[in-house]
Amino acid sequence: MTVAKIYFDDGFVVPLHCHHNEQITQVIKGQMRFVFGEDDPEELLLNPGDVVVIPPNVPHKATCIGEVEGKFICGRRVGMIG
């Protein structure tokens, strides 16, 4: 399992991607606008304290609004230390 504290600058974009494992993201500071899917995308705006659970293999991207601090939890990822 991977657990990380993340910091992004205002306007940073996490490009469209997906994971083989479930991902959990909690916003601590700032806002993140997530977009899920490619054909009929769905948007979700996360504020401080909000949590999103992204199922395995769901394409998603995120745009940071303001300086963002958050927590990222995901199943073990191949190629990461540990």
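Residues 0 to 81 in numbering that gives the first Met the number 0 are what the sequence shown lists, from first letter to last.
We put the beta carbon where it would ideally sit given N, CA and C, even for glycine.
(request) Measure the beta-carbon distance from Val26 to Asp49 and round it to whole angstroms, keeping in mind my assumption that it falls under 8 Å. (result) As a first step, residue 26 must be located in the sequence shown, where it is residue number 27. As a first step, residue 49 must be located in the sequence shown, where it is residue number 50. Between Asp49 and Val26 the Cβ distance is about 5 Å, and since that is below 8 Å, they are a contact.
(request) Under 6 Å Cβ to Cβ from Val12, same chain only, skipping five residues before and after it: list those, please. (result) Mapped onto the sequence shown, residue 12 falls at position 13. Hits under 6 Å: Thr62.
(message) Can you list, in chain order, the residues of its chain with a C-beta nearer than 6 Å to that of Leu15? Leave out the 5 residues immediately preceding and following it.
(response) Reading the sequence shown from its first residue, position 16 is the one you call residue 15. Result list for Leu15: Pro58, Lys60, in chain order.
(request) Starting from His16, follow the beta strand (DSSP E) in both directions and report where the run begins and ends. (result) In the sequence shown, the residue the question calls residue 16 occupies position 17. It spans 12-16 - the beta strand (DSSP E) in which His16 sits, taken as one unbroken run.
(request) Have a look at the DSSP bridge pairing and note the partners of Glu42. (result) The sequence position of residue 42 within the sequence shown is 43, counting from 1. Looking at the DSSP assignment, Glu42 forms a beta bridge with Val34.
(request) Take Gly29 as the anchor and find which of Ile23, Pro40, Phe35, Pro47 has the nearest alpha-carbon. (result) Along the sequence shown, read from residue 1 onward, the residue named residue 29 stands at position 30. Of the candidates Ile23, Pro40, Phe35, Pro47, the one whose C-alpha sits nearest the C-alpha of Gly29 is Pro47.
(request) Hey, could you find the ends of the beta strand (DSSP E) Val50 is sitting in? (result) Position 51 of the sequence shown, counted from the start, is the residue given in the question as residue 50. Its beta strand (DSSP E) spans residues 50-53.
(message) Tell me the residue span of the beta strand (DSSP E) that contains Val2.
(response) Along the sequence shown, one-based indexing puts residue 2 at 3. Where Val2 is concerned, the enclosing beta strand (DSSP E) stretches over 1-7.
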